[in-house]
Amino acid sequence: QQQVKQSPQSLIVQKGGISIINCAYENTAFDYFPWYQQFPGKGPALLIAIRPDVSEKKEGRFTISFNKSAKQFSLHIMDSQPGDSATYFCAASSGGSNYKLTFGKGTLLTVNP
Amino acid sequence: NAGVTQTPKFRVLKTGQSMTLLCAQDMNHEYMYWYRQDPGMGLRLIHYSVGEGTTAKGEVPDGYNVSRLKKQNFLLGLESAAPSQTSVYFCASKLTAYTNEQFFGPGTRLTVL
Chain A
262 QQQVKQSPQS
272 LIVQKGGISI
282 INCAYENTAF
292 DYFPWYQQFP
302 GKGPALLIAI
312 RPDVSEKKEG
322 RFTISFNKSA
332 KQFSLHIMDS
342 QPGDSATYFC
352 AASSGGSNYK
362 LTFGKGTLLT
372 VNP
Chain B
19 NAGVTQTPKF
29 RVLKTGQSMT
39 LLCAQDMNHE
49 YMYWYRQDPG
59 MGLRLIHYSV
69 GEGTTAKGEV
79 PDGYNVSRLK
89 KQNFLLGLES
99 AAPSQTSVYF
109 CASKLTAYTN
119 EQFFGPGTRL
129 TVL
């Protein structure tokens with residue numbers, strides 16, 4: 262049973278455009294929702310994270326939007342740059358499981374110059 | 019401060035051979051994790067440890083064993099490698115049960131022929 266569903270699998274955006282990646286979860290006990298960024302040949306690194314007590318969190322060009330009632334959250338990358346080209350993973354965890362992360366399957370983002 | 023390091027970076031095994039992957043962290047983290055990453059599958063948790071001398075099964079533990087004899091090291095063993103274990107393996111660590119960010123190593127690419 263896949264607890265975190267991520268879409269799309271791949272995304273191509275022009276430089277300066279907006280990249281949007283969506284995730285949906287099933288477990289209502291989840292209370293921490295991070296996004297990880299992975300460049301080729303590297304390990305994933307935390308990009309931005311949100312808790313369900315807020316509906317939006319912004320850090321620079323990266324924004325998480327969170328919809329608790331729909332059990333969905335999304336990553337928006339504004340003014341996308343070629344350097345943003347990477348694989349993005351959403352994840353979710355809960356305190357009840359010592360914050361073990363359940364990952365989505367990933368989205369390969371390509372930003373064309 | 020090297021963060022999370024993994025040894026080796028690459029390895030090719032024949033079916034039935036055994037090997038051990040080493041993960042080391044110098045951040046005094048309590049929690050350590052082993053994941054495997056396969057195309058289109060995201061990151062799946064193999065085993066994890068909540069402290070020195072303790073280990074627990076994750077989502078896909080079959081065919082793997084782990085040990086955490088020292089706080090800074092987490093070893094992943096394959097006793098009899100199978101082609102289905104061809105993957106990229108990532109180690110991660112985090113400070114305590116109540117901190118959320120996991121720090122990932124650079125990965126080990128394992129091919130089983």
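Protein chains in written order, with the numbering used here: chain A, 262 to 374; chain B, 19 to 131. Glycine included, each C-beta is placed from N, C-alpha and C at the ideal position.
Item, Value
"Entirely enclosed beta strand (DSSP E) segments - the segment 280 to 323 of chain A, minimum 3 residues", "280 to 286, 294 to 299, 306 to 311 and 317 to 320"
"C-alpha distance - MET37(B) paired with SER98(B), whole-angstrom precision", "8 Å"
"Three or more C-beta pairs below 8 Å linking the segment 282 to 296 of chain A and the segment 347 to 364 of chain A", "yes"
"Where the segment 301 to 316 of chain A meets chain B: residues whose CB sits under 7 Å from a CB there", "LYS303, GLY304, PRO305, ALA306, LEU307 and ALA310"
"Cα-Cα separation between VAL30(B) and VAL22(B), rounded to whole angstroms", "22 Å"
"CB contact flag (MET4(B), PHE92(B), <8 Å)", "The structure shown does not extend to residue 4(B), since chain B is modelled only from 19 to 131, so the question has no answer here."
"LEU272(A) beta carbon near the ligand HEM (any heavy atom closer than 7 Å)", "Ligands are entirely absent from the displayed structure, and the ligand HEM is therefore not among its contents."
"Closest by C-alpha distance to LYS332(A), when choosing among ASN288(A), LEU307(A), THR348(A) and LEU308(A)", "ASN288(A)"
"Contacts of LYS366(A) in chain B (Cβ-Cβ under 8 Å)", "GLY58, MET59 and GLY60"
"Residue burial classification, LEU63(B) (beta-carbon count within 10 angstroms, cutoff 16)", "buried"
"GLY123(B) at chain A interface by Cβ criterion, 8 Å", "yes"
"Supposed close pair GLY14(B), ARG86(B) - CB separation, criterion 8 Å", "Here chain B has residues from 19 to 131 only, and residue 14(B) is not among them."
"Cβ-Cβ distance between SER326(A) and HIS337(A) below 8 Å", "yes"
"Contact the segment 273 to 282 of chain A vs the segment 367 to 374 of chain A: 3+ CB pairs below 8 Å", "yes"
"Listed by chain order, chain A residues near PHE108(B) by CB distance under 9 Å", "GLY304 and PRO305"
"Whole-angstrom distance between PHE334(A) and TYR293(A), CA atom to CA atom", "11 Å"
"Among SER346(A), ALA306(A) and PRO313(A), nearest to GLY356(A) - alpha-carbon criterion", "PRO313(A)"
"Span of the beta strand (DSSP E) around LEU31(B)", "28 to 31"
"Rounded separation between VAL265(A) and THR363(A) - CA only", "7 Å"
"Within-8 Å CB hit, TYR66(B) to chain A", "yes"
"Distance, VAL106(B) Cα to LEU131(B) Cα", "15 Å"
"8 Å Cβ cut-off: residues of chain B touching PRO295(A)", "ASN118 and GLU119"
"Cα-Cα separation between LYS88(B) and GLN342(A), rounded to whole angstroms", "42 Å"
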